[in-house]
Amino acid sequence: MTTSVRTGRSETLPQYLSPAQVCERIPGMTLRKLADHREKGTGPVWVEIDARTKAYDWADVVAWLEKRKRSQTDRFARRP
932 MTTSVRTGRS ETLPQYLSPA QVCERIPGMT LRKLADHREK GTGPVWVEID
982 ARTKAYDWAD VVAWLEKRKR SQTDRFARRP
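What follows is the structure, given as structure tokens:
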């Protein structure tokens, strides 16, 4: 899976996704859960295009998911 778009020049642009597209790629993620993460500051970083339009760089979403990896279940552990 690519996380960027080639422009034909030397730079690579981020691959921006809508909240719905992010939810399609993450099992169990819903628009409400993603919005809750935004409001609490616990989710992936996003770009606010205007007051009603948000976008996510897929590379940032993957980095956020990587930080949430767990090797065991510990019911007393604090979640980030």
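Take our numbering: the final residue in the sequence shown is number 1011, and no numbers are missing along the way. Each residue gets a CB set at the ideal place from its N, CA and C atoms; glycine is no exception.
Checklist entry - Is Ala986 helix, strand or coil when you go by DSSP? => result strand
Checklist entry - Is the region 942-958 close to the region 978-997, with three or more CB pairs under 8 Å? => result yes
Next on the checklist: Just to confirm the assignment, what range does the alpha helix (DSSP H) spanning Pro950 have?
Outcome noted: 950-956
Next on the checklist: So, at 7 Å on beta carbons, what are the nonlocal neighbours of Ala951 in its own chain, with the 5 sequence-adjacent residues on each side left out?
Outcome noted: Leu962
Checklist entry - Whose C-alpha, out of Gly974, Asp981, Asp1005, Ser1002, is nearest the C-alpha of Val993? => result Gly974
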